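Asks: Numbering (this note's numbering), first residue to last: 1228 to 1480. Cβ coordinates follow ideal geometry from the N, Cα and C atoms, glycine included. The structure displayed is predicted, hence computed values, not measured ones.
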Amino acid sequence: MIEQALDEALAQCRLTRNEFSELLVRLLDYGVICRDESNVETLLYDRFQRCEQLIRDWIAPLGLRLQHDSRFQFIRVYPPGAEVPSMPDQDEPHHGGFRARLSQQEVAAILVLRVEYDKSLREGQVDDQGCVALTLEALELGLRNLLKMSLPDKLAERKQLLKKLRQLRLIQFNGDDNDAGAEALLRVRPTIAQFVSEAALAQLLESEPPVVESAAEPAADAQGPATPKESREDIQRITPASEEHSLFADSQQ
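Right under this line is the structure:
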């Protein structure tokens, strides 16, 4: 019965089961699809536009919700209990099984990206796609000034950090394996504005421990800038400590 209904709906969308499955699996695996990221995501985003309501209907029983930004052409899926921009909060309790775990370094970089994005936005330094250009040197300075931290010294660790930020579709970074120096240029996506809440940003700028609210990692418990050991340990997780598994963790590029 369900399969018959699905086939009828897919026929109206002019999609096959394999095409629908590929889109749904990619969305749940990555948590986000940006049309300008790659040829694959261009294809999947255009496919999504043909079956948006069907996707919403299929994930709704799981407590998942979608944000579709048609202006900047990205889709982000929110796990149960997430605070979603322009959507009412869910009252049901959830234990965060869909939420990803971010490291201390990743949380810090994300917070600084949000600050730098807002700064460029106020100065009108935003391109037609809503992106902001930022060098790694500027990111490093932001980390030092705001959080008394720095980028990883080891090239491999630095590249892994950039890979994670790109995986979350918060930046675009097209440098090769040897291009992670201070002059390397990033494009900070407008998705950062939904990933870190206004409240977290305000707390950070007031030098108070911020709470990161994000799409793949909502209701975050990450704490803000501090040098004591206790505070640094606090921001090693962006989600509750009870989470051990995540649908969005360890997804590949």
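Does the segment 1282-1302 come close enough to the segment 1261-1271 to have 3 or more Cβ pairs within less than 8 Å?
Replies: Enough Cβ pairs lie closer than 8 Å, so yes.
Asks: State the CB to CB distance for the pair P1307 and G1357, rounded to an integer number of angstroms; the pair is presumed to be in contact (CB under 8 Å).
Replies: In the sequence shown, the residue the question calls residue 1307 occupies position 80. In the sequence shown, the residue the question calls residue 1357 occupies position 130. The pair is not a contact, with the Cβ atoms about 28 Å apart (cut-off 8 Å).
Asks: Within 10 angstroms of the Cβ of L1395, are there 16 or more other Cβ atoms? Answer buried if so, exposed if not.
Replies: For this step, residue 1395 is matched to residue 168 along the sequence shown. It counts as buried.
Asks: Let me know the secondary structure DSSP gives L1382 once reduced to three states.
Replies: In the sequence shown, the residue the question calls residue 1382 occupies position 155. Correct three-state label for L1382: helix.
Asks: Which same chain residues end up closer than 7 Å to V1353 when comparing Cβ atoms and leaving out the 5 residues on each side of it in sequence?
Replies: Taking the first residue of the sequence shown as 1, we reach residue 1353 at position 126. Hits under 7 Å: S1347, V1359.
Asks: Are the segment 1240-1252 and the segment 1378-1386 in contact at 8 Å, needing three or more beta carbon pairs?
Replies: These segments do not touch.
Asks: Tell me the start and end of each unbroken beta strand (DSSP E) in the segment 1342-1397 that is at least 3 residues and wholly inside, in chain order.
Replies: For the segment 1342-1397, whole beta strand (DSSP E) runs of length 3 or above, ordered along the chain, are 1359-1362.
Asks: Identify the continuous beta strand (DSSP E) that holds Q1300 and give its terminal residues.
Replies: Sequence index remark: in the sequence shown, residue 1300 carries index 73 (1-based). From DSSP, Q1300 is part of no beta strand (DSSP E); its letter is neither H nor E.
Asks: If you draw a straight line from the C-alpha of A1420 to the C-alpha of L1270, how long is it?
Replies: Locating residue 1420 in the sequence shown gives position 193, where the first residue counts as 1. Locating residue 1270 in the sequence shown gives position 43, where the first residue counts as 1. Cα-Cα distance, rounded: 25 Å.
Asks: If we call anything under 8 Å between Cβ atoms a contact, is L1340 one with L1397?
Replies: Along the sequence shown, read from residue 1 onward, the residue named residue 1340 stands at position 113. Along the sequence shown, read from residue 1 onward, the residue named residue 1397 stands at position 170. For L1340 and L1397, yes; Cβs fall inside 8 Å.
Asks: Helix, strand or coil for C1240? Go by DSSP, reduced to three states.
Replies: Locating residue 1240 in the sequence shown gives position 13, counting from the first residue. The answer is helix: DSSP assigns C1240 an H, G or I state.
Asks: Below 8 Å on the Cβ atoms is my guess for L1388 versus A1336; work out the distance and round it to an integer in Å.
Replies: Within the sequence shown, numbered from 1, the residue matching residue 1388 stands at position 161. Within the sequence shown, numbered from 1, the residue matching residue 1336 stands at position 109. That pair is a contact at about 6 Å.
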